[in-house]
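Okay, so here's the structure we're looking at.
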Amino acid sequence: MPIQSFEGKIAFITGGASGIGLGISKVLVERGAQVVLADLRQDHIDHALAEFAGGGRSNAVSALQLDVTNREQYREAAKKMLDEFGGIDILVNNAGVGLEGPLLEATYADYDFGFGVNVGGVINGFTEFLPQMVAHGRGGHIVSTASLAAEVVMPPQMAIYAASKAAVCHFCESAKGELAQHDIGVSILLPGPVKSNIHETIDNRPAHLREGSGFTASEKKLARRIVGDNWMEPVDVGHLVADGILNNTTYLVTHGMYKDAMRARAQAVLDATPDRMEVVDSFGNYRDEE
Ligand SMILES: NC(=O)c1ccc[n+]([C@@H]2O[C@H](COP(=O)([O-])OP(=O)(O)OC[C@H]3O[C@@H](n4cnc5c(N)ncnc54)[C@H](O)[C@@H]3O)[C@@H](O)[C@H]2O)c1
0 MPIQSFEGKI AFITGGASGI GLGISKVLVE RGAQVVLADL RQDHIDHALA EFAGGGRSNA
60 VSALQLDVTN REQYREAAKK MLDEFGGIDI LVNNAGVGLE GPLLEATYAD YDFGFGVNVG
120 GVINGFTEFL PQMVAHGRGG HIVSTASLAA EVVMPPQMAI YAASKAAVCH FCESAKGELA
180 QHDIGVSILL PGPVKSNIHE TIDNRPAHLR EGSGFTASEK KLARRIVGDN WMEPVDVGHL
240 VADGILNNTT YLVTHGMYKD AMRARAQAVL DATPDRMEVV DSFGNYRDEE
């Protein structure tokens, strides 16, 4: 069954201890789910659990430390969810890093870091949790956090980030049709500016990808960025996500401010597309329509 209520549902939220992930966690807890915050940073976990501690449903929240790029650790986490909860109903692939810097200075360490967390983390989530979500037969839902950066042509220095988020978006769009037969819904979260700690990306870089990075100066600059007062509150994103899960909405978009840029990009692709129609024969070969 697709998710119809959060009562008694088990949700696993990566990057769940800060920013958008914490906002989603708070709303799912408030609406009756049992939530596990899976996060790289113990300081974020401690801070998040302390926030829940005063509330009425604090026993509906637990946490585990997880680096979503570590497949062994991820497998253990999925097994723990199966052993302790009989498997999860909702997966939120939300952990991400805010990579930016000049392409000419980018090294493989920067590509591996950006794509490793933003794309690899999502793929690892699908790979580790799908089998148990299908096997328990209760259906469920998978939300993955991309970005509006996937839908517009981004300004310079954002190529790795934009590409990683576009990969998440297209992966999930395609997965949705395939998972429907197992009653597993799929949503893609496309946020604009939301209050969070994403400027701390430099602290989330593992030592082996810090070495040789060409983005150190850019990440130090990002670390000084001030979170805007008018950026969206994470809890508001949480409500959008919760409603999206119940309605199995494909695209969950937080802001309308980039609509013209989104339209311009889509229109440019359409404008470049020839009107001639090709058809595919039963062997998968393209041929011109007679
Ligand atoms: N805040 C925004 O304006 C914005 C806009 C568009 C997209 N996003 C996306 O939203 C998601 C959440 O980011 P946020 O803005 O809330 O930032 P955040 O830094 O506040 O939260 C991200 C959390 O992910 C955790 N994390 C980082 N690397 C991890 C890893 N390897 N394994 C497990 N956890 C890890 C961090 O410790 C942190 O707690 C990201 O995917 C980000 O790209 C954010």
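Take 0 as the starting number for the sequence shown in numbering that gives the first Met the number 0 and just add one per residue. Built from N, CA and C at the ideal position, the CB exists for glycine as well.
What first and last residue would you give for the beta strand (DSSP E) that runs through residue i?
i      : result
Ala16  : Looking at the DSSP string, Ala16 is not in any beta strand (DSSP E), and its letter there is neither H nor E.
Ser143 : Gly139 to Thr144
Could you give the residue range of the alpha helix (DSSP H) that holds residue i?
i      : result
Tyr160 : Ala158 to Ala179
Thr215 : Thr215 to Ala222
Val252 : It is not in any alpha helix (DSSP H) - Val252 instead sits in the beta strand (DSSP E) that spans Tyr250 to Val252.
Val193 : Premise fails: Val193 is in no alpha helix (DSSP H) and is neither H nor E.
His207 : Ala206 to Arg209
Evaluate residue i with the Cβ neighbour count: other Cβ atoms within 10 Å of its Cβ, from every protein chain shown; 16 or more gives buried, anything less gives exposed.
i      : result
Tyr285 : exposed
Ile275 : Ile is not the amino acid found at residue 275; the sequence shown has Arg there. It is exposed - the Cβ of Arg275 has fewer than 16 other Cβ atoms within 10 Å.
Gln180 : exposed
Asp45  : exposed
Glu150 : buried
Val185 : buried
Tyr160 : buried
Met80  : buried
Gly100 : buried
Arg40  : buried
Lys194 : buried
Arg204 : buried
Thr272 : exposed
Tyr107 : exposed
Hey, would you say the C-beta of residue i is under 7 Å away from at least one heavy atom of ligand 1?
i      : result
Ser146 : yes
Pro192 : yes
His43  : yes
Gly18  : yes
Ile197 : yes
Ala94  : yes
Asn246 : no
Gly120 : yes
Thr126 : no
Arg224 : no
Leu65  : yes
Val28  : no
Leu39  : yes
Gly97  : yes
Gly14  : yes
Thr106 : no
Thr68  : yes
Asn203 : yes
Val268 : no
Val116 : yes
Consider the Cβ of residue i: report whether some Cβ of chain D lies at a distance smaller than 8 Å.
i      : result
Thr215 : Here chain D cannot be found, since the structure has a single protein chain.
Ranges of the beta strand (DSSP E) found wholly within the region 69-133, counting only runs of at least 3: 89-92
3 or more residues per run - each beta strand (DSSP E) lying fully within the region 21-76: 33-38 and 60-64
Whole alpha helix (DSSP H) elements within the region 228-282, 4-residue minimum: 233-246 and 258-270
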